[in-house]
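Here's the structure we're looking at; comments come further down.
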């Protein structure tokens with residue numbers, strides 16, 4: 076059983092280059108451990124219609140959608156409202172979320188801006204935020220998480236058991252000091268013998284030298300071992316140096 | 076005149092978490108310097124129909140589209156073929172691209188896998204690759220770039236003059252040691268006085284402490300200065316410490 080997900084990263088700062096996103100790679104790796112494969116990601120500006128239409132495009136196509144960002148107390152935090160719009164649901168103060176905020180903030184500090192973090196679509200399932208109080212929420216198959224990486228990660232840890240996951244994809248990596256052009260023809264041959272596997276080739280260019288990591292992915296451990304052994308032998312035959320690495324994504 | 080762009084990052088390795096993308100933030104920042112705002116990004120698996128449909132969705136919506144990744148010599152490099160499909164164009168060997176490859180590789184090294192990097196949609200405008208020979212290409216408003224960051228960047232440097240850019244967005248950043256909840260109400264007030272500006276609030280959480288960077292973006296330098304001055308005063312009034320920073324994105 077293969078389960079799929081999409082990630083929607085929300086925020087002008089990611090598209091402007093100000094902020095280097097760290098949530099996609101984290102969620103990609105951790106979701107795979109749960110047997111859920113991330114098949115698409117999008118990055119949206121802080122514009123209500125853009126967010127709502129991305130949520131709607133993704134939630135019908137994948138088993139799960141995870142959004143990150145835009146659920147804080149400032150005026151540019153419009154994710155919750157946009158998700159309510161996507162689902163055509165009333166956007167209102169969630170009393171359970173208010174209780175969470177009351178646990179975290181002293182009464183004098185719980186101003187209107189902070190209370191606004193409890194405004195959500197109706198009928199959601201809260202997602203605990205152990206770091207800064209304000210919860211995220213789940214609405215059907217869409218999980219609304221914070222953008223700050225540590226909070227996003229803490230929220231994700233708390234919802235793993237809600238995911239009806241499948242089989243995690245396994246992988247092995249063979250790094251080598253050859254170039255893609257040297258191995259491509261015979262790598263295709265290996266791929267053609269293992270149709271149940273995905274063999275990916277990822278070049279690097281560091282200090283003027285090229286190298287390649289070949290990643291063999293799939294669901295059958297023995298086939299992955301066989302195929303990656305063949306990749307190692309190929310590198311050896313071509314006079315290259317290889318290093319086999321276990322890799323979980 | 077405002078010009079817009081979308082970025083399409085192509086590759087299973089970005090969605091699996093194996094590779095942390097570095098191209099989006101680079102292109103976001105450099106395109107803004109050219110007066111082109113990145114308004115959306117997507118990340119696609121190495122699947123022909125997924126790539127083609129993303130290209131088609133984005134190229135009609137934005138002035139420019141930049142793809143990264145999937146133009147190497149291995150079997151999983153299917154970007155060029157997918158872009159040909161998106162445009163309904165014949166996919167064929169480009170003789171000018173072959174000449175570029177012949178300049179870079181010794182005849183004995185120019186095997187079929189490497190030659191396949193010259194297979195492109197018909198009628199494209201090549202994009203020079205000063206680092207590893209194999210060119211990218213421009214097809215109408217879509218620019219097909221390499222995924223390896225240094226090559227992607229070198230290719231981008233070579234095509235800047237092809238972009239009919241607009242006015243670069245300017246910005247100023249005020250960092251402070253307060254939390255978003257403390258400044259949110261009055262920040263909204265400042266935003267409401269400067270409708271021509273976008274004021275973004277970006278929290279950080281490091282070593283157990285929260286801080287916020289407030290970024291004021293827009294096209295009118297004097298308004299940006301005024302508004303960011305107001306933000307600094309707000310922080311001071313609330314008993315916080317601020318630091319003004321010039322920031323280009």
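Residue numbers (my numbering), protein chains in the order written: chain G, 76 to 324; chain V, 76 to 324. Just so you know, even glycine gets a beta-carbon here, dropped at the ideal spot from N, CA and C.
Using a Cβ-Cβ distance cut-off of 8 Å, determine whether residue i contacts chain G.
i: residue 259 of chain V; result: yes
i: residue 212 of chain V; result: no
i: residue 93 of chain V; result: yes
i: residue 219 of chain V; result: no
i: residue 87 of chain V; result: yes
i: residue 243 of chain V; result: no
i: residue 315 of chain V; result: no
i: residue 253 of chain V; result: no
i: residue 309 of chain V; result: no
i: residue 158 of chain V; result: no
Counting only beta-carbon atoms, is residue i nearer than 8 Å to chain V?
i: residue 109 of chain G; result: no
i: residue 194 of chain G; result: no
i: residue 90 of chain G; result: yes
i: residue 328 of chain G; result: Nothing in the structure corresponds to residue 328 of chain G, since chain G is present only between 76 and 324.
i: residue 228 of chain G; result: no
i: residue 77 of chain G; result: no
i: residue 117 of chain G; result: yes
i: residue 225 of chain G; result: yes
i: residue 306 of chain G; result: no
i: residue 100 of chain G; result: yes
i: residue 238 of chain G; result: no
i: residue 83 of chain G; result: no
i: residue 201 of chain G; result: no
i: residue 148 of chain G; result: yes
i: residue 249 of chain G; result: no
i: residue 104 of chain G; result: yes
So, helix, strand or coil for residue i, using DSSP?
i: residue 303 of chain G; result: helix
i: residue 294 of chain G; result: coil
i: residue 248 of chain V; result: strand
i: residue 175 of chain V; result: helix
i: residue 317 of chain V; result: strand
i: residue 220 of chain V; result: strand
i: residue 143 of chain G; result: strand
i: residue 155 of chain V; result: helix
i: residue 96 of chain V; result: coil
i: residue 85 of chain V; result: strand
i: residue 281 of chain G; result: strand
i: residue 135 of chain V; result: coil
i: residue 235 of chain G; result: helix
i: residue 103 of chain G; result: helix
i: residue 230 of chain V; result: helix
i: residue 208 of chain V; result: coil
i: residue 241 of chain G; result: coil
i: residue 56 of chain G; result: Any question about residue 56 of chain G goes unanswered here, given that chain G covers just 76 to 324.
i: residue 262 of chain G; result: helix
i: residue 91 of chain G; result: coil
i: residue 182 of chain G; result: helix
Tell me, which residues are paired with residue i by DSSP?
i: residue 200 of chain G; result: G:213
i: residue 113 of chain G; result: G:80
i: residue 195 of chain G; result: G:167
i: residue 276 of chain V; result: V:289
i: residue 118 of chain G; result: G:84, V:116
Quick check on residue i: buried or exposed, where buried means 16 or more other Cβ atoms within 10 Å of its Cβ?
i: residue 281 of chain V; result: exposed
i: residue 182 of chain V; result: exposed
i: residue 202 of chain V; result: buried
i: residue 169 of chain G; result: buried
i: residue 85 of chain G; result: buried
i: residue 314 of chain G; result: exposed
i: residue 254 of chain V; result: buried
i: residue 77 of chain G; result: exposed
i: residue 247 of chain V; result: buried
i: residue 167 of chain G; result: exposed
i: residue 165 of chain G; result: exposed
Quiz item: Name the residues in the stretch 166 to 198 of chain G whose C-beta lies less than 9 Å from a C-beta of chain V; which are they?
Solution: 180, 184, 185, 186, 187, 188, 189, 191, 192
Quiz prompt | Against chain V: residues of the stretch 261 to 281 of chain G by CB proximity under 8 Å | solution = 262, 263, 266, 273, 274, 275, 276, 277, 278, 279, 280
Quiz item: Which residues, in order along the stretch 124 to 144 of chain V, keep a beta-carbon less than 7 Å from a beta-carbon of chain G?
Solution: none
Exercise. May I ask you to list, following chain order, the residues of the stretch 281 to 296 of chain G that have a beta carbon less than 8 Å from some beta carbon of chain V?
Key: 285, 290, 292
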